[in-house]
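> After the structure tokens below, expect a handful of questions from me.
In the working numbering, the protein residues as written are 20 to 318.
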């Protein structure tokens, strides 16, 4: 039998009936792995289970869900003392799985579970928002945020990531930019933003590469602004030929501040946060994450 470090799998309740995952857990247990399984029902469960993971002394907490589940678990982990903090593993069980896809986590759940338990733990950055809320992948603001938050669950379940684009096309009547000011290290911009992406990771909204150059261990955030100039031309050019669009503003910094006089909403890996001011900064190497050796998000 192989030697497996102990782990605790926190499984989003929506995925609790996954027979393939159940068999993968059974197979590893039969091979000698110690895998505790907990299922979330409501917000706050993940933090409670992570406290239990510390009591059990596991090496890894595995996030079984989508980007929102990964974010909730990562946020709870970094609030632990460093010496107590288990590594994080990932099972891609959500609708879009933007972070897992960018990181190269296998879609095959048996392989993903093996990686989550036995993969090399690598220090990765986390982004902190207003000294309280975190995200590991991306914060998005503007029209894209409204679409991802409004897309019906049934549509997402049926079509996956493409559901966001379809719902967006259905809601073109609501298309309007947000006026805001964004500052960072050697960066300043003010104007009308159609979509804002501030990325620790690269993609959001079911596969849109908003920050294609982002790395999760370089101590920096990538910024991409799709400006509101021309609205419809801006939207379709940036979606189809982003490298040729005059409506894209890029930046890079260890922190960004966004000020919106009339308020706006950011989507933090699925968690909405509304306000007039957002301070987003990197916490370098704050979390150990078990990732593939060829992960493209690592420098």
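The beta-carbon is built from N, C-alpha and C at its ideal position, and this holds for glycine as well. Every value quoted in this text rests on a predicted model; they were computed, and no experiment measured them.
Candidates 145, 140, 300: which alpha carbon is nearest residue 92's?
145
> Using alpha carbons as the reference points, say which of 222, 205, 303, 80 lies closest to residue 138.
80
> In angstroms, rounded to a whole number, what distance separates the CA positions of residue 306 and residue 300?
15 Å
> My guess is that residue 243 and residue 276 are in contact by the Cβ rule of under 8 Å, so how many angstroms apart are they, rounded?
Between residue 276 and residue 243 the Cβ distance is about 16 Å, and since that is not below 8 Å, they are no contact.
> Tell me whether the beta-carbon of residue 205 lies closer than 8 Å to the beta-carbon of residue 273.
Between residue 205 and residue 273, the gap from beta carbon to beta carbon reaches 8 Å or more.
> Looking at the strands, I want to know which residues DSSP matches up with residue 208.
201
> If you pair each beta-carbon of the region 52-72 with each one of the region 109-119, do three or more pairs fall below 8 Å?
no
> Smallest Cα separation from residue 59: which of 295, 245, 85?
85
> Looking only at C-alpha atoms, which of 230, 132, 143 sits nearest to residue 319?
What is shown of the chain runs 20 to 318, which leaves residue 319 out entirely.
> Comparing C-alpha positions only, which one of 286, 104, 311, 310 sits nearest to residue 154?
286
> Starting from residue 144, follow the beta strand (DSSP E) in both directions and report where the run begins and ends.
140-148
> Tell me the rounded alpha-carbon separation between residue 161 and residue 78.
Distance between the alpha carbons of residue 161 and residue 78: 39 Å.
> What residue ranges within the region 21-47 form continuous alpha helix (DSSP H) runs of no fewer than 4 residues, ordered along the chain?
none
> Pick out whichever of 132, 83, 302 has its Cα sitting closest to the Cα of residue 147.
302
> Using a beta-carbon distance below 8 Å, is residue 290 in contact with chain C?
Although the question refers to chain C, the structure presented lacks it and comprises just one protein chain.
> Can you look up residue 64 in the DSSP assignment and give me helix, strand or coil?
helix
> Let me know if residue 325 comes out buried or exposed under the rule of 16 or more other beta-carbons within 10 Å of its beta-carbon.
Absent from the structure is residue 325, since the part of the chain shown begins at 20 and ends at 318.
> Does DSSP put residue 94 in a helix, a strand or coil?
helix
> Are there 16 or more other CB atoms within 10 angstroms of the CB of residue 111, so buried, or fewer, so exposed?
buried
> What's the C-alpha gap between residue 267 and residue 283?
20 Å
> Provide the residue(s) that pair with residue 293 in DSSP beta bridges, ordered along the chain.
284
> Go ahead and label residue 114 buried or exposed: buried means 16 or more other beta carbons lie within 10 angstroms of its beta carbon, across all protein chains shown.
Its Cβ being crowded by 16 or more others within 10 Å, residue 114 is buried.
> If you follow the beta strand (DSSP E) that residue 110 is part of, which residue opens it and which one closes it?
Per DSSP, residue 110 belongs to the beta strand (DSSP E) from 106-111.
> For the alpha helix (DSSP H) holding residue 136, just list the boundary residues, first then last.
Looking at the DSSP string, the run of the alpha helix (DSSP H) that includes residue 136 is 128-137.
> Looking at the unbroken beta strand (DSSP E) that takes in residue 269, where does it start and where does it end?
267-272
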